[in-house]
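So that you can map any letter, position 53 of the sequence shown is 281 in this note's numbering, and since no number is skipped, the others follow by simple counting.
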Amino acid sequence: MNVPPARSVEDPISASDIASLQASGTKEIAELFTGAEATVHQGLLEESLKSATAGDTNFRALGGDISQFTCTAFTTDGDGATLKGTAVGWSKMANISPSGVPIYNQPSNKLLVRATVTTDATGKQRISEMAWDFAPGSEP
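Below, the structure is given as structure tokens:
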């Protein structure tokens with residue numbers, strides 16, 4: 229799930245920003261995930277939104293995503309499929325120094341990913357199970 233960029237590191241996060249992120253995040257989760265996996269991601273969204281308003285005011289999450297997915301194994305089973313592969317997870321952030329100057333950082337890590345995709349009665353495919361871990365040598 230892509231984290232939308234902040235307007236500026238100096239701009240406070242408003243209630244309307246949180247409401248917008250809540251709505252767009254919930255919609256994206258429903259499009260990508262189903263069942264228990266959707267519940268897990270909805271909980272992660274809720275926690276992220278809470279920390280965005282109650283957390284350290286000198287820290288800003290500015291973006292993040294999963295990119296460079298490479299499928300290394302693919303199996304099918306009835307109405308589903310399981311994918312294994314590698315991906316790069318990245319985030320962009322800023323810490324505000326005591327002098328007020330933003331210090332930017334964009335860490336990334338190679339991840340090992342396993343996802344099960346299922347098809348519902350309408351033909352919609354969503355991730356029903358997902359697990360990931362840091363690839364050896366790519367731990368933070």
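Idealized CB from N, CA, C, for every residue including glycine.
Remember, it's a predicted structure, so these values are computed and weren't measured experimentally.
Item: With Ser356 as the anchor, note down where its alpha helix (DSSP H) starts and where it stops.; Value: Per DSSP, Ser356 belongs to no alpha helix (DSSP H); it is in the beta strand (DSSP E), 353-362.
Item: Measuring only between beta-carbons, confirm whether Ser244 sits less than 7 Å from chain C.; Value: Among the chains in the structure shown there is no chain C, since it carries only a single protein chain.
Item: Since Val345 contacts Ala309 with CB under 8 Å, what's their CB separation in whole angstroms?; Value: 5 Å
Item: Do you know whose CA, among Glu357, Gly263, Phe362, Ser276, lies nearest Ser336's CA?; Value: Phe362
Item: Per DSSP, what are the beta-bridge partners of Asn337 in this structure?; Value: Gly317
Item: What are the start and end residues of each continuous alpha helix (DSSP H) run of 4 or more residues lying completely inside the segment 260-312, in chain order?; Value: 263-282
Item: Quick check: what's the CA-CA separation for Trp360 versus Leu340?; Value: 5 Å
Item: In whole angstroms, give me the CA-to-CA distance for Asp348 and Ser356.; Value: 10 Å
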